[in-house]
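Asker: Next up is a structure, given as structure tokens.
Numbering (this note's numbering), first residue to last: 1 to 217.
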């Protein structure tokens with residue numbers, strides 16, 4: 001037992017991966033390819049991808065929404081965890097890394113489960129007009145819009161559904177007193193708003209760069 005969360009040094013983090021990570025060769029290849037890109041820091045940690053897959057299974061999710069897709073690693077993790085009749089809508093902007101994502105989804109045999117919608121995410125979300133249609137929503141996109149994404153997520157989730165926000169510890173920058181960055185201010189605002197939001201049950205996990213789970217009441 002311990003009274004607070006353990007700090008992981010490099011050796012202990014590697015142990016965590018060695019004894020628990022079940023990354024497929026295809027996922028490992030995608031992760032390695034992504035690490036060579038200029039924006040590699042956008043990649044979710046492999047243990048986060050595995051955790052997202054676990055959440056899909058724990059919640060029995062059939063309809064999943066992802067906001068921010070990058071090279072498609074987290075989408076591939078979640079799509080593989082869906083039942084045969086499950087589906088995943090991914091929101092991302094045109095260009096960039098869409099081709100990489102599609103290539104790996106196709107190779108995995110999961111492209112038929114994934115609907116990639118290329119437009120500003122707020123436009124795509126506004127066009128989803130059926131309240132409560134999703135079981136799980138993963139948000140890992142432009143941080144300045146996180147508060148807006150929360151409102152869309154709560155509209156689109158079923159009761160008991162789960163919204164998951166990435167980067168909510170923001171490499172410690174959430175501790176800044178007067179941040180100049182709009183992204184930092186938005187994450188701070190989201191965290192403070194969620195603490196007292198009676199619409200959700202809440203847990204912020206020190207996984208990756210901080211992962212916040214919000215269960216819609």
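Every residue, glycine too, gets a C-beta built ideally from N, C-alpha and C.
In this text, all values refer to a predicted model and were calculated from it rather than measured experimentally.
Between residue 92 and the rest of its own chain, which residues show a CB-CB distance below 7 Å, the 5 nearest in sequence each way excluded?
Answerer: Excluding sequence neighbours, residue 92 sits near 68, 69, 98, 116 and 118.
Asker: Within 10 angstroms of its Cβ, does residue 106 collect 16 or more other Cβ (buried), or is it exposed?
Answerer: Label assigned to residue 106: exposed.
Asker: Determine, for residue 133, whether the minimum Cβ-Cβ distance to residues of chain D falls below 7 Å.
Answerer: The structure shown contains no chain D; it is built from a single protein chain.
Asker: Would you mind reading off the limits of the beta strand (DSSP E) that contains residue 139?
Answerer: Its beta strand (DSSP E) spans residues 134-139.
Asker: If you count every other CB in all the chains shown that lies within 10 Å of the CB of residue 217, and 16 or more means buried, which is it?
Answerer: Exposed, because fewer than 16 other Cβ atoms sit within 10 Å of the Cβ of residue 217.
Asker: What residue range is occupied by the uninterrupted alpha helix (DSSP H) comprising residue 44?
Answerer: Where residue 44 is concerned, there is no enclosing alpha helix (DSSP H), given that its DSSP letter is neither H nor E.
Asker: From residue 212 to residue 53, what distance separates their C-alpha atoms?
Answerer: One C-alpha to the other measures close to 15 Å.
Asker: Using the beta-carbon count (16 or more within 10 Å), is residue 191 buried or exposed?
Answerer: Its Cβ being crowded by 16 or more others within 10 Å, residue 191 is buried.
Asker: Taking all protein chains shown into account, decide if residue 57 is buried (16 or more other Cβ within 10 angstroms of its Cβ) or exposed.
Answerer: Exposed, because fewer than 16 other Cβ atoms sit within 10 Å of the Cβ of residue 57.
Asker: Could you give the C-beta distance for residue 146 and residue 139, rounded to a whole number, given that I count them as a contact under 8 Å?
Answerer: That pair is a contact at about 7 Å.
Asker: Which runs of the alpha helix (DSSP H), 4 residues or longer, sit entirely within the region 153-202?
Answerer: 182-195, all fully within the region 153-202.
Asker: What does residue 76 pair with, by DSSP beta-bridge criteria?
Answerer: According to DSSP, residue 76 bridges with nothing at all.
Asker: Any idea which residues DSSP pairs residue 93 with across the strands?
Answerer: In the DSSP output, where bridge partners are listed per residue, residue 93 has none listed.
Asker: Tell me the DSSP bridge mates of residue 115?
Answerer: Partner(s): 89.
Asker: Helix, strand or coil, according to DSSP, for residue 29 in the structure here?
Answerer: Note: residue 29 maps to helix in three-state DSSP.
Asker: Which residues mark the beginning and the end of the alpha helix (DSSP H) in which residue 6 is found?
Answerer: Counting along the chain, residue 6 falls outside any alpha helix (DSSP H), and DSSP gives it neither H nor E.
Asker: Within 10 angstroms of the Cβ of residue 143, are there 16 or more other Cβ atoms? Answer buried if so, exposed if not.
Answerer: So residue 143 ends up on the buried side.
Asker: Quick one: grab the DSSP three-state call for residue 23.
Answerer: Coil.
Asker: Which of the three DSSP states is assigned to residue 205 in this structure?
Answerer: Strand.
Asker: Should residue 71 be labelled buried (16 or more other beta-carbon atoms within 10 Å of its own) or exposed?
Answerer: Its Cβ being crowded by 16 or more others within 10 Å, residue 71 is buried.
Asker: Rounding to the nearest angstrom, what Cα-Cα distance links residue 59 and residue 178 in this structure?
Answerer: About 38 Å.
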